[in-house]
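Here the structure comes first, spelled out in structure tokens, and everything after it is commentary.
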Amino acid sequence: MVSKPRPKAGRKPALKASVPPGAAAPSLHSNVHADLSRRFITGRVVPGGRLSTRGLAEELGVSQTPVREALSRLAAEGAVQIRSKMRIVVPTMTEERFHELLLCRELLEPEAAVRALPHIDAQRLRKLARIDDAIGVAIGEGDLHAYMQGNFDFHFLIYDAQPRGILNRLIEILWLQFGPYMRVVYGRVGTANLVDQHEVALRAIGAGDADGLRRAILADIRDGMGLIGKSGFVYARADHL
0 MVSKPRPKAG RKPALKASVP PGAAAPSLHS NVHADLSRRF ITGRVVPGGR
50 LSTRGLAEEL GVSQTPVREA LSRLAAEGAV QIRSKMRIVV PTMTEERFHE
100 LLLCRELLEP EAAVRALPHI DAQRLRKLAR IDDAIGVAIG EGDLHAYMQG
150 NFDFHFLIYD AQPRGILNRL IEILWLQFGP YMRVVYGRVG TANLVDQHEV
200 ALRAIGAGDA DGLRRAILAD IRDGMGLIGK SGFVYARADH L
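This is how it looks when you write it as structure tokens:
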């Protein structure tokens with residue numbers, strides 16, 4: 000039996016995506032952008048943190064070209080600031096910017112959930128319940144990254160029930176900008192204070208209650224942002240963490 004060569008230590012194998020039969024393969028640029036986006040959404044980068052094109056390329060096992068392209072796209076989405084060829088930073092959060100992003104979430108996400116409701120079948124509802132169970136485990140274990148990933152997965156499994164369009168993409172951009180900051184807030188407040196309000200949304204979906212779902216999503220957003228009141232607004236920077 001011939002063994003497969005192992006990737007070198009300290010370096011990830013080149014990014015590859017599983018592709019359903021008949022579907023077009025995503026570009027390497029798309030894979031890199033998706034990987035980096037997950038890092039922002041789950042708080043694996045922090046406000047004021049610096050990113051290295053070379054370091055990311057080595058970590059992902061790709062050339063610097065798709066990394067530069069992905070970072071340029073993230074800059075257009077407001078997730079990073081490219082100040083020079085060698086200086087790429089995660090923006091710090093100001094109170095004014097925070098409240099503007101929050102307002103956008105409050106306006107867009109309940110509407111996206113209601114539009115998706117007619118398309119959520121029993122199979123998707125069961126998957127939502129499993130994700131919510133995993134979120135509860137993450138809270139209990141103090142795993143903030145798993146909590147943030149699960150929270151994103153839960154919300155977007157609802158929103159994406161409707162064929163993806165401009166609304167969902169705008170919401171994802173908001174999450175990209177919120178993720179690094181909320182990781183700091185969650186870290187300060189602690190998992191014991193994280194509240195899972197998804198059960199109300201699950202009941203509304205099961206009952207086909209559009210108004211109930213709208214209220215549940217809005218309450219979930221506001222409860223999460225209410226943690227700011229417990230910790231005080233944090234002018235978070237990487238060198239202050």
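According to numbering that gives the first Met the number 0, the residues represented by the sequence shown are 0 to 240, in order. Where is the CB? At the ideal position from N, CA and C, for every residue including glycine.
Cβ-based burial, residue i [other Cβ within 10 Å; buried from 16]
i	result
Pro179	buried
Ile165	exposed
Gly223	buried
His98	exposed
Gln176	buried
Glu198	exposed
Asn30	buried
Pro117	exposed
Gln148	buried
Arg129	exposed
Val44	buried
Val136	exposed
Arg163	exposed
Ala160	buried
Gly42	buried
Glu132	The question names Glu, but residue 132 is Asp in the sequence shown. With fewer than 16 other Cβ atoms within 10 Å, it is exposed.
Met85	exposed
Ala78	buried
Helix, strand or coil at residue i according to DSSP, with G and I counted as helix
i	result
Gln161	coil
Gln80	strand
Gln196	coil
Arg221	helix
Gly189	coil
Gly241	In the structure as shown, the chain starts at 0 and stops at 240, and residue 241 therefore has no counterpart that could be examined.
Gly141	coil
Ile172	helix
Ile119	coil
Cβ neighbours of residue i in the same chain (closer than 7 Å, five flanking residues each side left out)
i	result
Val173	This sequence places Leu at residue 173; Val is not what is there. Leu100, Cys103 and Arg104.
Val194	Asp222
Leu217	Glu105 and Pro109
Ser36	Leu175
Ala209	Val113 and Leu116
Gln63	Thr52, Arg53 and Ala56
Ile220	Arg104, Glu105 and Glu108
Ala121	none
Arg182	Gly42, Val45, Leu143 and Met147
Contact with chain B by residue i, beta-carbon distance below 7 Å
i	result
Ala111	Absence of chain B from the displayed structure is noted, only one protein chain being present.
Neighbourhood of residue i by C-beta, 6 Å cutoff - its chain only, sequence neighbours within 5 removed
i	result
Ile81	Ala74 and Ile87
Tyr158	Ala111, Ala115 and Asn167
Arg67	Thr52
Leu27	Pro65
Ile40	Phe151, Trp174 and Gly178
Ala272	No answer is possible for residue 272: it lies beyond the span of the chain, which begins at 0 and ends at 240.
Pro90	Gln80
His144	Thr41
Arg72	His32
Proximity test, residue i beta-carbon vs the ligand PLP heavy atom, cut-off 6 Å
i	result
Ala121	This structure simply doesn't include the ligand PLP, nor any ligand for that matter.
Spatial neighbours of residue i in its chain, beta-carbon cut-off 8 Å, leaving aside the 5 residues before and after
i	result
Ile204	Leu116, Ile119, Leu124, Leu127, Ile157 and Leu212
Gln269	Because the chain here runs from 0 to 240, residue 269 falls outside it and cannot be looked at.
Ala23	Residue confidence is low: Ala23 scores 38 on pLDDT, short of 50, so the model does not pin down where it sits. Its coordinate-derived value is still stated next. Taken in chain order, the list of residues that qualify is empty.
> Which full runs of the beta strand (DSSP E) of 3+ residues lie inside the region 23-98, going along the chain?
Replying inline: For the region 23-98, whole beta strand (DSSP E) runs of length 3 or above, ordered along the chain, are 80-83 and 86-88.
> Does the region 47-66 touch the region 149-166, meaning 3 or more C-beta pairs lie closer than 8 Å?
Replying inline: No: the two stretches stay apart, fewer than three of their Cβ pairs being nearer than 8 Å.
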